[in-house]
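Residue numbers for the sequence shown, in this note's numbering: 70 to 431. In what follows, a structure is listed as structure tokens, so that the remarks can point back to it.
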Amino acid sequence: MGSMPAPYPRAASAIHAGRSVSWVGPVALSCTGGEDDAGRRGRSAPRRRTTMDTTTKDAVVVGVSGPGRETAALRYAVDRARRDASEVVAVHAFRTALTGPPPRALLTSAETADMAHWVIKQVGDELAELTDGTVPCRTLAVAGTPAHVLVDLGREARTVVVQHHLPHGLRRLFAGSTAYAVAAHAACPVVSVPADWQPSTGEPGEVVVGVHEAGVPLAVLEAAFAQAEATGAPLRVVHAWRLDAVYDDIITDRVAAEWREEQQRALTTVVDGLRAQHPAVEVTVEVRHQWPADVLVDDSQVASLVVVGRHGPHSFEPAHLGSLARTVVREARSPVMVVPVRPHRDAPKDWELVADEISPQA
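Given below as structure tokens:
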């Protein structure tokens, strides 16, 4: 990137030359370019202006915590918005009342709001540089916790993009709390992007979608087909299964080959129904006897996107993100799309059997 982001100001009120701002609601800045951007590019560009446009209908919403911190997520959001001819809305959520140790005693609500305004100004500069004026974009500062704000803004959005860091040591226990919460509750697909992700400069890697053996939700497959078609990537539909050690040894010897053939036929039948709608997509169906999380995490090494679904196993249960999906979001080296799926009467009943399968219930 060209220039480093400006450091955080000593006092939030210094952002506006000592002027304190007392708002606590959402504030938006457009990022279609400014005078500095225009000078660098040698052409005129509109001045950045303050707006109150907080709508996100059909937009790509991306959560940010500060300048230079979610660059990978911003890159993915810009790339997605460019393909979909949509808008990027970068959102910074801030608390009006800080809890815990300092800076609680050091910042007033107005100064906290000023700090949020500074953040979105800096992120707007970063976003304008990434888009180079080719993708419409805005930045928003909204009072609230990040997960609640992003879920709320995601109600009308095309997708919500968050960023996860590859965890190490004790960080593995706490990594990705915002990504987990948003993926579990958003009404639209959520994409979690690794912090070190870079867009491909060559042939696109395959899109990998994980499914279980019964009641394959079309929403998950349709999302995977759509992404493969939009990027020109091949699609691989994967069903993986494995039982606890004792049962796995007994059952595998008897039925592994028969199970694989049966599931291959069943999944191929479902996939064939979508091939006609996406004739340009090259599709492969795989059934593998392997731990599901290992399959998707391993495949993410070379995939451009991994797609999974989520919902409670019954309509009366709240939406949740199961252990498999959490593992994939935490460990994957590619972006991971979590697609919300409504339960239906054809969902598998034997949850003990499919609990360790790649499944929309993960």
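All C-beta atoms in this analysis are idealised placements derived from N, C-alpha and C, irrespective of residue type, glycine included.
- Secondary-structure assignment with DSSP links Met-406 through a beta bridge to Val-260 and Val-376.
- Ranked by Cα distance from Val-276, the first of Asp-148, Trp-266, Ala-299 and Leu-287 is Ala-299.
- Considering only Arg-329, Phe-294 and Ala-252, the residue with the shortest C-alpha distance to Pro-303 is Phe-294.
- The Cβ-Cβ distance between Val-129 and Ala-150 falls below 8 Å.
- DSSP places Arg-329 in the helix class (H, G or I) of the three-state scheme.
- In this structure Val-278 is not in contact with Val-260, their Cβ atoms being roughly 14 Å apart against a cut-off of 8 Å.
- With a beta-carbon spacing of about 7 Å, Pro-263 and Ala-401 fall inside the 8 Å limit used to define contacts.
- Only buried fits Asp-368, as 16 or more other CB atoms lie within 10 angstroms of its CB.
- Inter-residue distance for Thr-247 and Pro-215 is about 7 Å (C-alpha atoms, whole angstroms).
- Our two residues, Asp-265 and Val-231, have alpha carbons roughly 13 Å apart in a direct line.
- Taking a contact to require three or more Cβ pairs closer than 8 Å, the stretch 193-205 and the stretch 213-228 do not qualify as touching.
- Assigned with DSSP and collapsed to three states, Leu-390 falls in coil, not helix or strand.
- Collapsing the DSSP output to three states places Gly-342 in a helix.
- DSSP, read as helix, strand or coil, puts Gly-213 in coil.
- Residue state for Thr-353 is assigned as strand, using DSSP reduced to three classes.
- In this structure, Ala-159 lies near Thr-208, with their beta-carbon atoms less than 8 Å apart.
- The stretch 146-209 contains, as complete beta strand (DSSP E) runs of 3+ residues, the segments 157-163 (chain order).
- DSSP lists Ala-159 and Val-230 as the bridge partner or partners of Val-131.
- Around the C-beta of Gln-370, fewer than 16 other C-beta atoms lie within 10 Å, and the residue is accordingly described as exposed.
- Residue Leu-365 holds the alpha-carbon nearest to the alpha-carbon of His-308 among His-347, Ala-154 and Leu-365.
- DSSP places Arg-305 within a strand segment (E or B) once states are collapsed to three.
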